[in-house]
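J.:
Residue numbers (this note's numbering), protein chains in the order written: chain A, 163 to 420; chain V, 163 to 420.
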């Protein structure tokens, strides 16, 4: 299949490379910034453009992997010119209906993972949530997704929104907890790498125990003397508020389970 | 060395078993609840008691691994009877000075990890932070710690408090982020296990990138339309407040790095 990528960010980079490795033909990368389009195009040995007018017509599939608020306007410009093509976006929180009235064949392929350009990922493990406007499009998206992932799940736009929210908790907010830890350590010049075994075990534990069963520490015991003494060590108001809310939330959650 | 454990919780269980595997002789477990003492004592093939008066005298080492607020009173009762022994506690946030005036030889051995009884851990990887009242005690604690861990670090009580705070961020609060994700998924009966690849990659990423470099998602881009739409999906006020504070904190933190 001939595929054009609209976007050249982290997700576009990893997804386009995975699809190419699976034998698909990526023919062009579009990005508002030519330089960004070109960096990815060079990796894929394909064309680059920063002009919507120069996007190749009649590709089999156009995959949009750009900021959510730019999606609608770029789709409006591109879809009507290529009525036979399949249009996909890759966003967690944008309903498939974005393409309604713009394209005939459309859908979503949302790979749930955190992508950074500097870091390789194994696409096989990544759950890909898909949705389509019609049976034929669904079959195509299914085939594309299954060529790169062993975990393809058909999901409605409404459920995908929930998945995206849960991913923000499990990934972005988790990662910020690591950052808040690092900030405490920086004050005393303690190497963050000392914390990697703890971080690894915390993540591995929930493979075997539910997050509730896995919980430990002063908050689950509502150990007020430690909680108060730790609050005194935190130097900024917002982080204190975060700590306090977690102390309450963890204690409430574990009480409920008893 | 003949060692008595005061406490039979998660940490006491894992630490006593690791020390026994390393060749130390655990002779007795004390716990307020006989049944708890006995469960651990059976694993270790040693004695159990729930009476302070029956704690064996003249052990080489007494290791206290009980709730922080119970430490002082139990230490007061035990230490003076055994003036030649070494007394240790394993708590992150309790200063070594707790033993001052009670014992002659004392110190701390704080293994920084999250312990649950149901889950085995590899002690070798766990950083153990140690502190002692005198050179001789330090040498003993060093030897004990090195018999189970490859990562033994001498640390003051003040730094240990910071380490414990950072551990609450990196472990307990992280684990609660998993739990908040799970709660969103429960509403739609989505299997939490689908999130394990995301959780694993989020944890692995910070081995190679700093938490700041590793950050992705709507909060780091300050993508207001997604943030507002996700806030609407959250059904309880406290979790909304947590989400909002993280959105601010992540955005602020990444702005500072630019």
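From the three backbone atoms N, C-alpha and C, an ideal C-beta is built for every residue, glycine too. These numbers were taken from a predicted model, which means no experiment stands behind them.
Given that a residue counts as buried once 16 or more other Cβ atoms are within 10 Å of its Cβ, and exposed if not, what is residue 169 of chain V?
T.: With 16 or more Cβ atoms within 10 Å of its Cβ, residue 169 of chain V is classed as buried.
J.: With 8 Å set as the bound, which would you pick, yes or no: does the beta-carbon of residue 257 of chain A sit closer than that to a beta-carbon of chain V?
T.: Not an interface residue.
J.: Relative to chain V, which residues along the stretch 228–239 of chain A have a C-beta separation below 9 Å, given in chain order?
T.: Listed in sequence order: 229, 230 and 231.
J.: Looking at the structure shown, is residue 202 of chain A part of a helix, part of a strand, or coil, going by DSSP?
T.: It is helical.
J.: Can a CB atom of chain V be found closer than 8 Å to the CB of residue 267 of chain A?
T.: By this cut-off, residue 267 of chain A is not an interface position.
J.: Using the beta-carbon of each residue, which ones in chain V are nearer than 8 Å to residue 261 of chain A?
T.: Chain V residues near residue 261 of chain A: none, gap ~18 Å exceeds 8 Å.
J.: Would you grab the beta carbon distance between residue 241 of chain A and residue 218 of chain A for me? Rounded to a whole angstrom, and I think it's under 8 Å.
T.: Residue 241 of chain A to residue 218 of chain A, Cβ: 14 Å. No contact.
J.: Distance cutoff 8 Å, beta carbons only. Does residue 420 of chain V sit that close to anything in chain A?
T.: For residue 420 of chain V, the predicted structure reports a pLDDT of 49, less than 50, and the residue's modelled location is therefore unreliable. The matter cannot be settled from this model.
J.: Say whether chain A places a C-beta atom closer than 8 Å to the C-beta of residue 385 of chain V.
T.: So, interface residue.
J.: Could you list which residues in chain V have their beta carbon closer than 9 Å to that of residue 399 of chain A, in chain order?
T.: Near residue 399 of chain A there are no residues of chain V at all, since even the closest Cβ is about 10 Å away, more than 9 Å.
J.: With which residues is residue 272 of chain A paired in a DSSP beta bridge?
T.: Answer is A:291.
J.: Is the Cβ of residue 338 of chain A closer than 8 Å to any Cβ of chain V?
T.: Yes - at least one Cβ of chain V is within 8 Å of the one on residue 338 of chain A.
J.: What are the boundary residues of the alpha helix (DSSP H) that residue 181 of chain A is part of?
T.: Run containing residue 181 of chain A: 172–183, per the alpha helix (DSSP H) assignment.
J.: Answer yes or no: does any C-beta atom of chain V fall closer than 8 Å to that of residue 350 of chain A?
T.: Interface residue, yes.
J.: Could you confirm whether any beta carbon from chain A is found closer than 8 Å to the beta carbon of residue 370 of chain V?
T.: For residue 370 of chain V, the answer is yes, since a Cβ of chain A falls inside 8 Å of its Cβ.
J.: Count the other CB atoms, across all protein chains shown, that sit within 10 Å of the CB of residue 207 of chain A; report buried if there are 16 or more and exposed otherwise.
T.: Its Cβ having fewer than 16 others within 10 Å, residue 207 of chain A is exposed.
J.: Would a C-beta distance cut-off of 8 Å place residue 408 of chain V and residue 335 of chain A closer than the cut-off?
T.: Yes, these two residues count as a Cβ contact at 8 Å.
J.: Is residue 420 of chain A helix, strand or coil when you go by DSSP?
T.: Per-residue confidence for residue 420 of chain A stands at a pLDDT of 49, beneath the threshold of 50, marking its modelled position as unreliable; the derived number appears in the next sentence. If DSSP states are grouped into helix, strand and coil, residue 420 of chain A belongs with coil.
J.: Which residues of chain A have a Cβ atom closer than 9 Å to the Cβ of residue 333 of chain V, listed in chain order?
T.: Within chain A, the residues near residue 333 of chain V are 339, 343, 357, 360, 361, 363, 364, 378 and 379.
J.: Going along the stretch 267–294 of chain V in order, which residues come within less than 7 Å of chain A, judged by CB to CB distance?
T.: Listed by position along the chain: 274, 275, 276, 277, 278, 280, 281, 283, 287, 288 and 289.
J.: Identify the contact partners of residue 392 of chain A in chain V, using a Cβ-Cβ distance below 9 Å as the criterion.
T.: Neighbours of residue 392 of chain A on chain V, chain order: 255, 323, 326, 327 and 330.
J.: Would residue 325 of chain V pass as a contact of residue 352 of chain A if the rule is Cβ separation under 8 Å?
T.: A contact, by the Cβ cut-off of 8 Å.
J.: Answer yes or no: does any C-beta atom of chain V fall closer than 8 Å to that of residue 316 of chain A?
T.: Chain V, which has no Cβ nearer than 8 Å to the Cβ of residue 316 of chain A, makes this no.
J.: Determine, for residue 177 of chain V, whether the minimum Cβ-Cβ distance to residues of chain A falls below 8 Å.
T.: Taking Cβ atoms only, chain A never reaches closer than 8 Å to residue 177 of chain V, which makes this a no.
J.: Is DSSP giving residue 186 of chain V helix, strand or coil here?
T.: Reduced to three states, the DSSP call for residue 186 of chain V is coil.
J.: Taking 8 Å as the CB-CB limit, is residue 297 of chain V close to chain A?
T.: Residue 297 of chain V does not count as touching chain A.
J.: For residue 234 of chain V, count neighbouring C-beta atoms within 10 Å of its own C-beta (all shown protein chains included) and say buried if the count is 16 or more, exposed if not.
T.: Label assigned to residue 234 of chain V: exposed.
J.: Looking only at C-alpha atoms, which of A:238, A:239 and A:227 sits nearest to residue 251 of chain A?
T.: Residue A:227 is the option with its Cα nearest to residue 251 of chain A.
J.: Can residue 337 of chain V and residue 392 of chain A be called in contact, C-beta distance under 8 Å?
T.: Not a contact, by the Cβ cut-off of 8 Å.
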